[in-house]
Amino acid sequence: MVHRVCVGCLPLALACAAAQTAGDTPPISDALDPVIVKAGYTTIDANTGAYNQPGWVQRRPFATTRVHIQRNPGEFGVEHWVRARESNGEWKFRMQEEFEIGLPGRIQLDGYYDWTIEGEKAEHLDFAGEIRWAPADWGDLWLNPALYLEYKVTDPSRGGDVIEPKLLLGEDLGNGWHWGMNWIFERELAQSKSQEIAVTNAISKTISEAFSLGVEMAIKSETVDGARGEPEHKVIIGPQMQWRPIDNMFVNFVTLAGCTEASPDFEGWFIVGYNFGSTVGAHSTRSG
Numbered sequence: 468m469v470h471r472v473c474v475g476c477l478p479l480a481l482a483c484a485a486a487q488t489a490g491d492t493p494p495i496s497d498a499l500d501p502v503i504v505k506a507g508y509t510t511i512d513a514n515t516g517a518y519n520q521p522g523w524v525q526r527r528p529f530a531t532t533r534v535h536i537q538r539n540p541g542e543f544g545v546e547h548w549v550r551a552r553e554s555n556g557e558w559k560f561r562m563q564e565e566f567e568i569g570l571p572g573r574i575q576l577d578g579y580y581d582w583t584i585e586g587e588k589a590e591h592l593d594f595a596g597e598i599r600w601a602p603a604d605w606g607d608l609w610l611n612p613a614l615y616l617e618y619k620v621t622d623p624s625r626g627g628d629v630i631e632p633k634l635l636l637g638e639d640l641g642n643g644w645h646w647g648m649n650w651i652f653e654r655e656l657a658q659s660k661s662q663e664i665a666v667t668n669a670i671s672k673t674i675s676e677a678f679s680l681g682v683e684m685a686i687k688s689e690t691v692d693g694a695r696g697e698p699e700h701k702v703i704i705g706p707q708m709q710w711r712p713i714d715n716m717f718v719n720f721v722t723l724a725g726c727t728e729a730s731p732d733f734e735g736w737f738i739v740g741y742n743f744g745s746t747v748g749a750h751s752t753r754s755g
């Protein structure tokens, strides 16, 4: 009789043991923890820079307008520029070879060499250095201001040295739209002491990871020593495009038409740049 009772209790004991084991094992679920991805319209619009600046800022979005800090600390880039101007059938070309390096503290240093082609003659124009500094990371101040100062050491046969301070502004307008504005004062320090006061505006739209389209405009007032009250007013405006064949490379095409008598009939820009440092897919590390 006792033997029958023990055998009858065996299924109950096994059931209790199984229940205890199940209680010690966490339940299996098909649900995964949610992954939150914060990005912009594309990775070009995502805030991937060391100063929280979006990818489009790190790829010189415009020819006539600079925006915030382009290079992250320790990052190095090179660019080749060609500017073509035509007035009354006469063409002039200016070539620019530029390098840039990013420094801590929201600082960027650029240096470049300019030379020109007029007719069939190529000539040296100037060496220049520029520094830009942003008082805050991208998004911390309205319009993301940055201060810019450039000095050109000009060949004496081509004019005097030039100093050029600028106020750089820029903003994300949402849904892939980008905007920039520069306020510019340029002064030749010798010879004719030419002076330029200008404002530039640019806007672009991200079409895809590889392309952006937009419009650029510049308004200038130029004078020379002895005729400050007789300025020449120049306005140029036209479409622009940026192509990004790979993450760290960009190519800009800009075609501008003159809108005043003193303006060039045509001004075109071609820029190709390469950045020795990752931007797309990087993570923002706010400078604090």
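Residue numbering for the sequence shown follows the working numbering, beginning at 468 and increasing consecutively.
Glycine residues also receive a C-beta, built at the ideal position from the N, C-alpha and C atoms.
Note that the structure is predicted; figures quoted are calculated from it, not measured.
Burial check for Arg695: the Cβ neighbour count within 10 Å stays below 16, so the residue is exposed. A contact is defined here as three or more CB-CB pairs under 8 angstroms, and the region 649-664 meets this definition with respect to the region 622-633.
The alpha helix (DSSP H) runs lying completely inside the region 534-593 and spanning 4 residues or more number zero. In the three-state reduction of the DSSP assignment, Arg695 falls in the coil class. Of all alpha-carbon atoms in Phe743, Ala729, Met562 and Val524, the one lying nearest the alpha-carbon of Trp646 is that of Val524.
One Cα belongs to Phe560, the other to Asp577, and the distance between them is close to 22 angstroms.
For Lys701, the number of other beta carbons within 10 angstroms of its own is at least 16, and it is reported as buried.
Counting every other CB atom within 10 Å of its CB across the protein chains shown gives Pro602 a total below 16, marking it as exposed. For Pro623, no beta strand (DSSP E) encloses it, and the DSSP letter there is neither H nor E.
About 7 angstroms separates the beta carbon of Glu683 from that of Thr532, a gap short enough to meet the 8 angstroms contact definition.
By the Cβ-count criterion, Ile738 is buried, with 16 or more other Cβ atoms from all chains shown falling within 10 Å of its own Cβ. Around the beta carbon of Ala517, 16 or more other beta carbons sit within 10 angstroms, so the residue counts as buried. Between Phe717 and Arg711, the beta carbon gap of about 5 angstroms places them in contact (Cβ cut-off 8 angstroms). Of Glu617, Leu635 and Ser554, the smallest CA-CA separation from Trp609 is found for Leu635.
With a contact defined as Cβ atoms closer than 8 angstroms, Arg573 and Glu546 miss out at about 20 angstroms. As the crow flies, the alpha-carbon of Pro540 is around 16 angstroms from that of Tyr741. With distances taken between CA atoms, Met562 lies nearest to Val549 out of Glu553, Val549 and Gly556. Ile713 and Phe529 have their alpha carbons spaced roughly 18 angstroms apart.
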